[in-house]
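Working notes for the structure below.
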Amino acid sequence: MFWILIIIFITAADQITKAVIVNNVEFGEMIPVIEGFFYITHHTNSGAAWGVFSGGRYVFISITILASVIMLYFLFKSGNKLLKVSLSLILGGAIGNLIDRIASGNVVDFLDFYFGSYNYPTFNVADSFIVIGTILLSVYILFFYRESSRKERDSIYKTSEENNGGIKEKEDSLDCEHLKEQE
């Protein structure tokens, strides 16, 4: 339940910040927060990151729903907290952007950074959590997945061994019963 609350919190934070921008910042307007570095703006994006694959609304909706179902499965199946945190962050962000795509076909972006003359692509709260979650997921995969999988396999093997042992004992006792009947 805790993980679902994280997902709900992230989705709500994303949707609230986007609503504030849509209702208070003109489309294309740039409000300096740190002049020459960080601006609040109002843009939309119909594609993926950096506007790639613009116009693929239904493809993105379908992929997001499928990926979310898969992540929810692993969220509830896994016992690893790092994996659960990473999936919760990614899911919260994905659902936030999914709501935009379903409602309007576009995702609202408003965080705009400049590094010298380079303008980093505008993004939103959901994107931030997706990136943080993906970084944590990468750390999990690189450093903890094998250990976690080994523990899970050992647990399954131990349970299987215990269950098979019980079945074997029952089979042995049945065989003995059968022999007694023959005498």
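Add 1184 to the 1-based position in the sequence shown for the numbering used here, that's all there is to it. Ideal placement from N, C-alpha and C gives every residue a C-beta, glycine not left out.
Residue span of the beta strand (DSSP E) that contains residue i, given as start and end
i, result
"methionine 1214", "1214-1218"
Chain-order list of residues whose beta-carbon lies under 6 Å from that of residue i (same chain, five-residue window excluded)
i, result
"leucine 1273", "Phe1313, Ile1316 and Gly1317"
"lysine 1202", "Val1292"
"asparagine 1244", "Checking the sequence, you will find phenylalanine at residue 1244 rather than asparagine. For phenylalanine 1244, where only same-chain residues beyond five positions count, the Cβ hits under 6 Å are Arg1285."
"leucine 1282", "Thr1248"
"aspartate 1296", "Tyr1223, Thr1225 and Thr1306"
"isoleucine 1254", "none"
Buried or exposed by the 16-neighbour rule on C-beta atoms within 10 Å, applied to residue i
i, result
"phenylalanine 1307", "buried"
"alanine 1278", "buried"
"glycine 1276", "buried"
"tyrosine 1324", "buried"
"serine 1357", "Here serine 1357 scores only 46 on pLDDT, less than 50, and its place in the model should not be relied on; the value that follows carries that caveat. Burial call: exposed."
"valine 1309", "buried"
"leucine 1250", "exposed"
"asparagine 1208", "exposed"
"histidine 1362", "Bear in mind that the predicted position of histidine 1362 carries a pLDDT of just 47, short of 50, making it unreliable; the figure below should be weighed with that in mind. With fewer than 16 other Cβ atoms within 10 Å, it is exposed."
"glycine 1212", "exposed"
"isoleucine 1218", "exposed"
"phenylalanine 1294", "buried"
"isoleucine 1200", "exposed"
Identity of the residues DSSP links to residue i by a beta bridge
i, result
"phenylalanine 1222", "Ile1218 and Phe1297"
Endpoints, alpha helix (DSSP H) assigned at residue i
i, result
"phenylalanine 1193", "1186-1208"
Close Cβ partners of residue i (< 8 Å) along its chain, the five nearest in sequence each way excluded
i, result
"glutamate 1210", "His1226"
"glycine 1289", "Ser1230 and Arg1241"
"leucine 1320", "Leu1266, Val1269, Ser1270 and Leu1273"
"tyrosine 1298", "Gly1220, Phe1221, Phe1222, Tyr1223 and Tyr1304"
"serine 1252", "Leu1275, Ala1278, Ile1279 and Leu1282"
"isoleucine 1215", "Val1209, Tyr1223, Ile1224 and Thr1225"
7 Å Cβ shell around residue i - same chain, five flanking residues per side excluded
i, result
"tryptophan 1187", "Leu1259, Lys1268 and Ser1272"
"phenylalanine 1328", "Asn1264 and Leu1266"
"alanine 1197", "Val1309"
Mind pulling the beta strand (DSSP E) runs of 3 or more residues that sit fully within the stretch 1226-1292? Complete beta strand (DSSP E) runs here, min 3: none at all.
Output the residue ranges of the alpha helix (DSSP H) runs that lie fully inside the stretch 1288-1333 and measure 4 residues or longer, sorted by chain position. Complete alpha helix (DSSP H) runs here, min 4: 1309-1323.
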